[in-house]
Amino acid sequence: MNSLVLILGDQLSHSISSLEGLDKENDIVLMCEVIEEASYVKHHKKKIAFIFSAMRHFAEELQLQGYHVEYTKLDDANNMGSFHGEVKRIINARKFDQIVVTEPGEFRVLKDMLSWQDKFTIPVIIRTDKRFLCTTDEFATWASGRKQLRMEYFYREMRQKYTILMEGDQPVGGQWNYDSENRKFPNEQLNIPATFHSKIDDITSDVIGLVSQQFGEHVGDLEPFHFAVTRKQALQALEQFIEDRLSCFGDYQDAMIQGEPWLYHSHLSFYLNCGLLLPMECVQAAEQSYYDGKAPLNAVEGFIRQIIGWREYVRGIYWLKMPDYASHNFFDAHKNLPSFYWTADTKMNCLSQCVSETIQNAYAHHIQRLMVLGNFALLAGIEPAQVNEWFLTVYADAFEWVELPNVSGMILFADGGYLASKPYAAGGAYINKMSNYCKTCSYSVHKKNGKGACPFNYLYWHFLAKNRDKLNTNHRLMMMYKTYDRMSDDKKTAIDYDSLEFLASIE
Ligand code: FAD
Ligand code: DLZ
Ligand code: SF4
């Protein structure tokens, strides 16, 4: 039985299920850089360089282990430009009995793969992606019969299932969640350790040249490039996080400081999502750090919750609800994405900072994505499809299974509250509390209306008023509607006037 094993750019794990049982003598591993994947959205240049370099290093490692790898580079003359094109090319040239793949991370790709058996008249075996801690079937069982899903309950079950931070059947420390301790305000005097910096070797250098030549019109800075591109380097990045930053991860998880893009976050999503790191090894390293007395419980629990909780939860929702999930638009929002999302050219300092850092690093941390970039898109009524495309384009960790639920579910509430219990809408006061951006902004965060007032302030109330019929029954917003109702008619008119004028100015 000769198998063709296709490995995708986000499946760079030696334990990937498609390699299980592979016969090194007779089977062939196919990896291909294809223009369709690099341009179905115009990915950030750094993201393409990262994926291509990591793919080339991974292929080299497989070859050293004795696998027969067919690797197609983007600029190879016979490159067919798509996964199905490359599969077709190789099966036309050689005889295979079956194609083996691990399930892909995007519905778009799965749909394509499901057509191959008929198209190529050869069996296509699609194996479960065992790198995730909850299979799509397990998640569907958990979700069945629940009208609304809540991450917290899913997370507790995951803690129990894998015995993470547990004492018998109770959570270590007596609480499941220490989020209330994780809201320290930004402190400009912090001595923040640098993020991981790998050396650029010949492979990465070649890829940087290729991306610069072929994707010049894509967004983003290609250099400096310092992502890990091998498993060895990714393990070093994990170790560096555990040693240098984990202990403060919880305290400053929600803080934003001007000129500090990385803070105490792990910066591991790139490696987790492309397979260089496995979720459980990150979780266990953090848990061990707690037991060794090196990191406090609020930090370790918070980090672990992101991985076994949020990460698995959003993936479960993605596969449960696709393809419909991509077209949800609960608020019927249809405004275009303002051009400053691509240029950072706005007087709103918070947005300008977060977009600039995104352009430089293909990274922004969670609160920047949620409470600045996403929050603004929600308040301004930007069409979900355009917001999703932007988030999928600009971040090196963006794959649709994780990007879409975070954007459509968590921040835009486009699914009407299936993923989150209320929209994460906030005015300028929140951004001012959690960042130092407002100090140097052209707008005044303390001014609520009129010239020079922070746009988040009036847009927040405008959003609530405009969508009242859809949010009225949400008990978590009742206080806010009571506050709105107590406002004078003049105040309400000013909110509408300022909002409409501002929104027209960014069209
Ligand atoms: P840390 O803060 O150090 O967190 C540790 C790990 O937990 C991350 O590496 C990640 O694997 C996981 N994690 C944390 N939060 C989430 C979450 N909400 N969903 C899934 N995993 C999570 N994450 C992506 O990996 N890809 C995306 O395309 C993506 N898009 C997002 C869009 C929006 C609007 C929002 C609000 C969040 C998005 N996230 C996305 C989640 C989160 O912002 C990133 O995982 C995180 O910023 C990555 O940086 P880090 O590795 O330093 O994370
Ligand atoms: C993101 C990406 C890019 C930019 N290029 C490739 C590629 O050329 N070849 C490849 O195998 N994978 C690439 N990827 C990752 C894929 O887009 C990803 O595997 C699918 O979206 C499924 O999750
Ligand atoms: Fe952002 Fe408003 Fe603060 Fe300016 S004042 S940084 S627009 S929150």
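In terms of the working numbering, the sequence shown has 446 at position 443, counting the first letter as 1, and numbering is strictly consecutive.
C-beta: ideal position from N, C-alpha, C; glycine also.
Nothing here was measured: the structure is a model prediction, and the numbers come from that model.
With 16 other CB atoms within 10 Å as the buried threshold, where does residue i fall?
{"i": "Ala-289", "result": "buried"}
{"i": "His-478", "result": "exposed"}
{"i": "Pro-408", "result": "buried"}
{"i": "Phe-188", "result": "exposed"}
{"i": "Ser-208", "result": "exposed"}
{"i": "Thr-144", "result": "exposed"}
{"i": "Thr-75", "result": "buried"}
{"i": "Ala-41", "result": "buried"}
{"i": "Pro-458", "result": "buried"}
{"i": "Gln-371", "result": "buried"}
{"i": "Arg-308", "result": "buried"}
{"i": "Glu-28", "result": "exposed"}
{"i": "Pro-174", "result": "buried"}
{"i": "Gln-243", "result": "buried"}
{"i": "Pro-326", "result": "exposed"}
{"i": "Thr-124", "result": "exposed"}
Taking only three categories from DSSP, how would you classify residue i?
{"i": "Ser-424", "result": "coil"}
{"i": "Pro-196", "result": "coil"}
{"i": "Gln-256", "result": "coil"}
{"i": "Tyr-398", "result": "coil"}
{"i": "Pro-174", "result": "strand"}
{"i": "Leu-11", "result": "coil"}
{"i": "Lys-495", "result": "helix"}
{"i": "Lys-338", "result": "strand"}
{"i": "Arg-130", "result": "strand"}
{"i": "Ala-347", "result": "coil"}
{"i": "Thr-124", "result": "coil"}
{"i": "Tyr-328", "result": "helix"}
{"i": "Met-490", "result": "coil"}
{"i": "Ala-365", "result": "coil"}
{"i": "Glu-246", "result": "helix"}
{"i": "Ser-438", "result": "strand"}
Kindly examine ligand 3 and report whether one of its heavy atoms sits closer than 7 Å to the Cβ of residue i.
{"i": "Val-448", "result": "yes"}
{"i": "Cys-444", "result": "yes"}
{"i": "Pro-458", "result": "yes"}
{"i": "Ile-434", "result": "yes"}
{"i": "Cys-353", "result": "yes"}
{"i": "Cys-441", "result": "yes"}
{"i": "Gly-431", "result": "yes"}
Quick check: what's the CA-CA separation for residue i versus residue j?
{"i": "Glu-73", "j": "Ser-6", "result": "13 Å"}
{"i": "Asp-254", "j": "Leu-281", "result": "25 Å"}
{"i": "Gln-163", "j": "Tyr-274", "result": "26 Å"}
{"i": "Asp-13", "j": "Tyr-316", "result": "19 Å"}
{"i": "Ser-201", "j": "Tyr-294", "result": "29 Å"}
{"i": "Asn-185", "j": "Phe-252", "result": "8 Å"}
{"i": "Ile-211", "j": "Asp-30", "result": "31 Å"}
{"i": "Ala-3", "j": "Ala-365", "result": "This structure cannot settle anything about residue 3, because the visible part of the chain is limited to 4 through 510."}
{"i": "Gln-217", "j": "Ser-56", "result": "15 Å"}
{"i": "Asn-180", "j": "Lys-48", "result": "37 Å"}
{"i": "Gln-291", "j": "Gly-305", "result": "14 Å"}
{"i": "Asn-82", "j": "Glu-284", "result": "36 Å"}
{"i": "Ala-507", "j": "Ser-447", "result": "20 Å"}
{"i": "Leu-467", "j": "Thr-496", "result": "14 Å"}
{"i": "Ser-355", "j": "Ala-380", "result": "14 Å"}
{"i": "Leu-266", "j": "Ala-367", "result": "10 Å"}
{"i": "Leu-462", "j": "Asp-499", "result": "8 Å"}
{"i": "Lys-454", "j": "Val-410", "result": "31 Å"}
{"i": "Glu-403", "j": "Met-351", "result": "28 Å"}
{"i": "Thr-166", "j": "His-268", "result": "24 Å"}
Given the structure, does residue i come close to ligand 2, in the sense that its CB is under 7 Å from one of the ligand's heavy atoms?
{"i": "Asp-254", "result": "no"}
{"i": "Glu-106", "result": "no"}
{"i": "Glu-40", "result": "yes"}
{"i": "Glu-504", "result": "no"}
With a threshold of 7 Å, establish whether the CB of residue i neighbours any heavy atom of ligand 1.
{"i": "Gly-212", "result": "no"}
{"i": "His-229", "result": "no"}
{"i": "Met-481", "result": "no"}
{"i": "Tyr-421", "result": "no"}
Check whether the Cβ of residue i lies closer than 8 Å to any Cβ atom in chain D.
{"i": "Leu-238", "result": "The structure shown contains no chain D, having only a single protein chain."}
message: Three Cβ pairs or more, each shorter than 8 Å: is that satisfied between the region 153–163 and the region 209–227?
response: no
query: Does the region 299–306 touch the region 382–396, meaning 3 or more C-beta pairs lie closer than 8 Å?
result: no
query: Any chance the region 33–51 sits against the region 78–98, with 3 or more Cβ pairs inside 8 Å?
result: yes
Cβ pair count under 8 Å reaching 3, the region 306–324 against the region 135–150: yes
query: Is the region 51–67 in contact with the region 92–112, if contact means three or more CB pairs nearer than 8 Å?
result: no
task: Could you say if the region 482–493 and the region 430–443 meet the contact criterion of at least three C-beta pairs nearer than 8 Å?
output: no
query: Does the region 340–349 come close enough to the region 418–438 to have 3 or more Cβ pairs within less than 8 Å?
result: no
Inter-stretch contact at 8 Å, needing at least 3 Cβ pairs: the region 17–24 / the region 124–135: yes
message: With three or more C-beta pairs closer than 8 Å as the rule, is the region 98–108 touching the region 237–251?
response: no
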